[in-house]
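Q: In the working numbering, the protein residues as written are 4 to 268.
Each residue gets a CB set at the ideal place from its N, CA and C atoms; glycine is no exception.
Remember, predicted model here, so these are calculated numbers, not experimental data.
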């Protein structure tokens, strides 16, 4: 089931879907359905151009990133900090024999800052492998090394290294943390990912205080940008994956809202 969900999820991400549709269109050109293929290939190329040369990705990401405000430090120390995974590239790290970070490195930087600000708080890193064929290499092992380089001793970090997705992050982190009633826990993840993460943590009964990080969007965007096609496609990829994740988890009853909101003050 996990492999099927990952495969279907990858195909449904907008840039992948458009590329796949374009490929099908090109193949149809070789058949008696050439007219259909021509239209499909043309529409797919046009849609990819719109995604790559306009701020579609930013427009899709901004509501997610704006859902939770930047965290404000407080004098009261939390009981602990949960840092969500996806921060390192385990296969490349193993090949290069040193930790290699991904675009979510802000999660580690912010988590390390919080750990150093609150030296008595527990630190949990939650991240196993989201690969279809996970091996023995865990991205959490390299994340702990990076946290050590950022001033957080390895012995202080509790690793939850079995989770394969955000739902399992929430469930397994709660088991490891065993939060007592009234305890204050901070949750660190990318700003765009925070709504889905908070919704899943709430559903398993683990109340967390959001600490978003790693924003991709600003308050404005150029309507035509011919020089950043690849980065624009990346934003569309991230945004469409996140919105699909929100919709699927809501449909499965794993969250109580399509776009979870902050708790009232």
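Could you give the first and the last residue of the continuous alpha helix (DSSP H) run that contains residue 169?
A: First-last of the alpha helix (DSSP H) with residue 169: 169 to 180.
Q: So which of 14, 130, 185, 146 has the shortest CA-CA distance to residue 168?
A: Out of 14, 130, 185, 146, 130 has the C-alpha closest to the C-alpha of residue 168.
Q: Leaving aside the five residues before and after residue 190 along the sequence, list all residues of the same chain whose C-beta is less than 6 Å from its C-beta, in chain order.
A: Within the same chain, residue 190 has close Cβ partners 85, 211, 213.
Q: Apart from the five residues on each side of it in sequence, which residues of its chain come closer than 7 Å, Cβ to Cβ, to residue 123?
A: Within the same chain, residue 123 has close Cβ partners 80.
Q: Assuming residue 267 contacts residue 201 under a Cβ cut-off of 8 Å, what Cβ separation, rounded to an integer in Å, is found between them?
A: No, residue 267 and residue 201 are not in contact; Cβ-Cβ is about 14 Å, not under 8 Å.
Q: On the CB-based measure, 16 or more other CB atoms within 10 Å of its CB, does residue 163 come out buried or exposed?
A: Under this definition residue 163 is a buried residue.
Q: Report the residue from 32, 90, 41 whose alpha carbon sits nearest the alpha carbon of residue 108.
A: Comparing Cα positions, the closest option is 90.
Q: I'd like the ranges of any alpha helix (DSSP H) spanning at least 4 consecutive residues and lying wholly in the region 82 to 121.
A: For the region 82 to 121, whole alpha helix (DSSP H) runs of length 4 or above, ordered along the chain, are 93 to 99, 109 to 120.
Q: Should residue 216 and residue 61 be called a contact, given that it needs their Cβ atoms to be closer than 8 Å?
A: No, Cβ-Cβ distance for residue 216 and residue 61 is not below 8 Å.
Q: How do the region 166 to 181 and the region 34 to 50 stand: do at least 3 beta-carbon pairs fall below 8 Å, yes or no?
A: Flag = no, the region 166 to 181 and the region 34 to 50 do not touch.
Q: How far does the beta strand (DSSP E) with residue 212 in it extend, from its first residue to its last?
A: Residues 212 to 216.
Q: Do you know offhand how far residue 100's Cα is from residue 88's?
A: Their Cα atoms are separated by approximately 20 Å.
Q: Does the separation of the CB atoms of residue 40 and residue 51 fall below 8 Å?
A: Taking 8 Å as the Cβ cut-off, residue 40 and residue 51 do not qualify as a contacting pair.
Q: Here's a check: name, in chain order, each residue in its chain whose Cβ is nearer than 6 Å to the Cβ of residue 147, leaving out the five neighbours to either side.
A: Closer than 6 Å at Cβ, skipping near neighbours: 157, 160.
Q: Below 8 Å on the Cβ atoms is my contact criterion, and I expect residue 82 with residue 182 to pass it. Report the Cβ-Cβ distance as a whole number of Å.
A: So it is a contact: roughly 7 Å between Cβ atoms.
Q: According to the Cβ coordinates, are residue 20 and residue 241 closer than 8 Å?
A: No, these two residues do not count as a Cβ contact at 8 Å.
Q: Should residue 209 be labelled buried (16 or more other beta-carbon atoms within 10 Å of its own) or exposed?
A: Counting Cβ neighbours within 10 Å, residue 209 comes out buried, since at least 16 surround it.
Q: So, residue 111 versus residue 150, is the Cβ gap smaller than 8 Å?
A: Contact flag set, yes.
Q: What does a CB cutoff of less than 8 Å around residue 54 pick up in its chain, not counting 5 residues either side in sequence?
A: Around residue 54: 17, 18, 21, 60, 235, 236, 239.
Q: Would you kindly report the start and end of the unbroken beta strand (DSSP E) that includes residue 163?
A: Counting along the chain, the beta strand (DSSP E) containing residue 163 begins and ends at 160 to 163.
Q: Measure the Cβ-Cβ separation of residue 120 and residue 73 and say whether it is below 8 Å.
A: No, the Cβ-Cβ distance between residue 120 and residue 73 is not below 8 Å.
Q: CA-CA distance, residue 249 and residue 261?
A: The alpha-carbon atoms of residue 249 and residue 261 are separated by roughly 6 Å.
Q: Leaving out the 5 sequence neighbours to the left and right, which residues in its chain are closer than 7 Å to residue 102 when beta-carbon positions are compared?
A: Answer for residue 102: 91, 96, 145, 148, 149, listed in chain order.
Q: With distance defined between alpha-carbon atoms, name the residue in 35, 192, 165 nearest to residue 106.
A: The residue with the shortest Cα to Cα distance from residue 106 is 192.
Q: Decide if residue 154 is buried, meaning its Cβ has at least 16 other Cβ atoms within 10 Å, or exposed.
A: Residue 154 comes out exposed.
Q: Confirm, please, whether the CB-CB distance from residue 232 to residue 71 is below 8 Å.
A: Not a contact, by the Cβ cut-off of 8 Å.
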